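Each remark here refers to the structure printed beneath this line.
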Amino acid sequence: MNTIFRGKDFITTQEWSKDQLETVFDLSREFKLKFAQNDYTDHILRARTLFMMFFEQSTRTRNSIEAGMTQLGGHAHDLTPDKLQISHGEVARDTAKVLSRFGHGIAIRYCDYGIGNKYLRTLAENSDIPIINMQDDFYHPLQGLADLMTIREKLGDPRGVKITISWAYATSHAKPLSVPQTQALLFSRYGMDVTFAYPREFPLMEPIMEQAKKNAEDSGGKLRITHDMDEGFADAQIVIPKSWGGFLGVEDPYSEEGKAQMKENLEKNKDWICDERRMGLADKNAYYMHALPADRGNEVTDPVIDGPQSIVYDEAENRLHTAKAIMALTMGGRP
Ligand code: CP
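Structure, rendered in structure tokens:
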């Protein structure tokens, strides 16, 4: 294992080796223990600046990163397109080159389908400082790290752990594909027994799922797909029922016809909810996870998300510790 991380982009977990990810998990754990003891870590990124660019709303990502930068001794600028000349058409290349002259990292959330990841990649090509993906249309690697850290805290070695990632009905908004796709890529590298359950109208991206299958073959894990939520829940040790948009289930998700078809596909699958009956199909000690925000009453019932099997707040807390590890390694670390 080498210890040189400074300047490395964090756009997907797949682009980081298992050794590198293990360093991230070790450091996350160290930061968590220091946080618990109120031990200072503010020498690590002292006087360093992270530019956070949010094209969408955020509770966990924004606040874990901003709090994390403060705890590491640096500062995070909370930027939105209207605060930048992006709103007047400034291109990604110019934004990346100029921010590279001022600070030490650029973090972006941009989830518009077919646009976000391309924008991040253009920033990365033109930036001299690391790019951190705070969620795009295809990937949410910071969420994936927190999820896997939480799973290891609860169950230890993830190899062979039976985990089900299920689509669920939601009316709040068409959520990106990024969380389930990141989980597919990451959990499959750790030998987990992964089941995906989703209605046929809500497929995930084929190249990503193919890569996840290959990861599972390489790690001794499993990856299977079902289109029946009950079947997906059977005997699972962890369930992660969460909505994602049906972007791939229609020809053009931005056309009027596409939007109408997506709505129709959504309404057909209202019964895809995580309730107490479905939790009863899973292992009796099964954990319920969700990246949050959850669409209560649609994706999940209150007794489940507020019940004893739910670990959503532990999962959310780990967003802080894992984000600090990524920032410390990519923006600090060895020169
Ligand atoms: N899970 C997650 O990314 O939450 P936010 O959208 O609030 O950042």
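Residues in the sequence shown are numbered consecutively from 78, following the working numbering.
Positions of the beta carbon are idealized from the N, C-alpha and C atoms, including for glycine.
Remember, it's a predicted structure, so these values are computed and weren't measured experimentally.
Contact set for residue i: own chain, Cβ-Cβ below 8 Å, skip 5 residues either direction
i, result
"residue 235", "225, 228, 229, 264, 267, 268, 269"
"residue 307", "355, 358"
"residue 179", "126, 128"
Unbroken alpha helix (DSSP H) run spanning residue i, endpoints
i, result
"residue 255", "255 to 266"
"residue 356", "353 to 356"
"residue 375", "Where residue 375 is concerned, there is no enclosing alpha helix (DSSP H), given that its DSSP letter is neither H nor E."
"residue 216", "Neither: residue 216 is in no alpha helix (DSSP H) and is coded neither H nor E."
"residue 338", "333 to 344"
"residue 286", "283 to 296"
"residue 193", "193 to 203"
Bridge partners - residue i, DSSP secondary structure assignment
i, result
"residue 120", "According to DSSP, which records beta bridges pairwise, residue 120 is partnered with nothing at all."
"residue 154", "128"
"residue 303", "274"
"residue 318", "243"
"residue 365", "316, 387"
"residue 208", "183"
"residue 310", "The partner list for residue 310 (beta bridge, DSSP) is empty, contrary to what the question assumes."
"residue 87", "209"
Start and end residues, beta strand (DSSP E) containing residue i
i, result
"residue 139", "Note, residue 139: premise wrong, no beta strand (DSSP E); alpha helix (DSSP H) at 137 to 148."
"residue 241", "239 to 243"
"residue 115", "Neither: residue 115 is in no beta strand (DSSP E) and is coded neither H nor E."
6 Å Cβ shell around residue i - same chain, five flanking residues per side excluded
i, result
"residue 201", "86, 208"
"residue 187", "132, 193, 196, 213"
"residue 338", "327"
"residue 91", "262"
"residue 154", "128"
7 Å CB neighbourhood of residue i in its chain, flanking five on each side removed
i, result
"residue 192", "214"
"residue 121", "149, 150, 405, 409"
"residue 309", "241, 243, 272, 274, 303"
"residue 412", "83"
Under 5 Å, CB to nearest heavy atom of ligand 1: contacting residues: 135, 136, 137, 138, 368
At least three beta-carbon pairs within less than 8 Å, the stretch 194 to 205 to the stretch 165 to 176: Short answer: they touch.
The stretch 398 to 407 in contact with the stretch 342 to 358 per 3-pair CB rule at 8 Å: no
Inter-stretch contact at 8 Å, needing at least 3 Cβ pairs: the stretch 401 to 409 / the stretch 109 to 127: yes
Meets three-Cβ-pair contact criterion under 8 Å: the stretch 295 to 303 and the stretch 270 to 286: yes
Inter-stretch contact (C-beta, 8 Å, three-pair minimum) for the stretch 356 to 365 and the stretch 253 to 261: no
Cβ pair count under 8 Å reaching 3, the stretch 365 to 380 against the stretch 240 to 249: The answer is yes - the stretch 240 to 249 touches the stretch 365 to 380, with three or more Cβ pairs under 8 Å.
Three-pair Cβ contact test at 8 Å for the stretch 129 to 138 versus the stretch 97 to 110: no
Contact the stretch 106 to 117 vs the stretch 278 to 291: 3+ CB pairs below 8 Å: No: the two stretches stay apart, fewer than three of their Cβ pairs being nearer than 8 Å.
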